[in-house]
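Structure, as structure tokens:
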Amino acid sequence: MKVVLQDLTKKFKSRDKKGKGEVVAVDHFTFEIPDGELVGLLGPSGCGKSTTLFMICGLQKPTEGRIFFGEDDVTELPPENRGVGVVFQNYALYPHLSVLQNITFPLENLKGKDKLTKDEMKEKAMEAARLVQIEKLVDRKPGELSGGQQQRVAIARALVKMPRVLLLDEPLSNLDARLRLQTREEIRRIQKETGITTVFVTHDQEEAMSISDRIVVMKEGVIQQTGRPQEVYENPVNLFVARFLGTPQINLFEGRVEKGQLLIGEEAVLSVRGVEDQPVTVGIRPEGFLLREDGPLSLDLVRVEVMGRDISVVSTSAVSINPTVRSIIDAEMRLQVKEKKVCFALRPSKVLLFHKETEER
Ligand code: ADP
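Quick note on numbering: the sequence shown equals residues 51 to 411 in this note's numbering.
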């Protein structure tokens, strides 16, 4: 089931005390989610991710724009008639009901020809429980489960009616790091197995990059960029996207282009043919630095952090915009330090130039 979001806009009355003005939470959001894909909606807190998700599930009505599931215009439909399954951050399970009863719950109120017998309900609930691998826990109460198991119950409950679209709002935020990783892989597996078109909201770029077929990066209600995670990482359209994606963050330097050469400080660090002479902001991904004794970019070493296969070299420079520069180097490389300086050459594909004023590429 493809999902088409057409010019979606949501305005709220401002929450400030005077009650004046309005907030444009989502601003002309247009995007098509291909059938069977998992799309990550990504951006900092307050950028409009949840509002977009709520409009898709029907809990918020768009101020403008339309929503289609396949050819079906669902813009005016209430949530229960849209065929969506929703999972929230806080699981929202009924504490006094067993796991099985929690999963069965959405089936209880089916009417007319959709009405199920008790046995049919149980069978469907067990099927959903098996899908998320909690079939051995169905007689317990939610309070007797770990956070990760509770979230699986919530996912089973969202899947029990085999929704047309699955919506996940920060589903991993309440889990500790290890469970977060495990549950994220689990969600990916379930999504692949069922082939349900899925929207996954998160502020965590690593989470979105690892789980999504496609990501949508938002800022202040506006889509900045959409694409495959790797594409967007390698080719961000502006400084905001470049900084938002990647750990450690992209390193920024003041630079300028002169006669086909990129200068950082007074050193020509790379040739950049076809770019007009101008001041630029230079973004260098941590993996873009190559240790070279005679490399043109010389930085002041602060410390070296060993991270298993790689080492992270932390340095500073008067021409760097961030207080420190982080580069990731193969641990096999020998670090040559002369008078506390380390020298690097740069991998051209990992160096991104942004216009000083517009912050665009
Ligand atoms: P995110 O999910 O990315 O953190 P939200 O969609 O929750 O962002 O919010 C987007 C913007 O809309 C924020 O500025 C938020 O304060 C505002 N907003 C969200 N819901 C309401 C509401 N019910 N009333 C007023 N403002 C709201």
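We treat Cβ as the ideally placed atom computed from N, Cα and C, and that holds for glycine.
Note that the stretch 53–66 touches the stretch 79–86; at least 3 beta-carbon pairs, one per stretch, sit closer than 8 Å.
A check of alpha carbon separations from residue 212 across 246, 282 and 313 identifies 246 as the nearest. Its chain contains 348 as the residues whose beta carbon lies nearer than 6 Å to that of residue 391, once the 5 sequence neighbours on both sides are disregarded; these appear in chain order.
Per DSSP, the beta bridge partners of residue 353 are 364.
Bridge partners of residue 244 according to DSSP: none are assigned. Inter-segment contact for the stretch 145–159 and the stretch 88–97 is absent: fewer than three beta-carbon pairs are separated by less than 8 Å.
Cβ atoms of residue 331 and residue 289 come within 8 Å of each other, at about 6 Å. A check of alpha carbon separations from residue 341 across 358, 399 and 383 identifies 383 as the nearest. The C-beta distance from residue 379 to residue 360 rounds to 7 Å, short enough to meet the 8 Å contact threshold.
Between the ligand ADP and residue 137, a heavy atom-to-CB distance of less than 8 Å is absent. Taking the CA atoms as reference points, residue 137 sits about 6 Å from residue 205.
The ligand ADP has a heavy atom closer than 8 Å to the beta-carbon of residue 93. Burial check for residue 160: the Cβ neighbour count within 10 Å stays below 16, so the residue is exposed.
At least one heavy atom of the ligand ADP lies less than 8 Å from the C-beta of residue 253. Per DSSP, the unbroken alpha helix (DSSP H) holding residue 169 starts and ends at 168–181. Per DSSP, the continuous beta strand (DSSP E) segment holding residue 329 begins and ends at 328–334. With distances taken between CA atoms, residue 396 lies nearest to 337 out of 374, 337 and 387. Residue 115 is not a Cβ neighbour of residue 128, given a cutoff of 9 Å. Between the stretch 271–283 and the stretch 349–359, the count of Cβ pairs shorter than 8 Å is below three; the stretches do not touch. Distance from the CA atom of residue 300 to the CA atom of residue 229, rounded to whole angstroms, is 27 Å. Shown here for residue 118: same chain residues with a beta carbon closer than 6 Å to its own, the five before and five after excluded, namely 54 in chain order. Around the beta carbon of residue 274, 16 or more other beta carbons sit within 10 angstroms, so the residue counts as buried. When Cβ pairs closer than 8 Å are counted between the two stretches, the stretch 217–231 is seen not to touch the stretch 164–172, the count staying below three. Here residue 389 carries a coil assignment [DSSP, helix/strand/coil].
The DSSP-derived three-state label of residue 100 is helix. Out of 282, 270, 244 and 271, the CA that lies nearest to the CA of residue 260 is found in 282. Just so you know, the alpha carbons of residue 180 and residue 171 end up roughly 14 Å apart.
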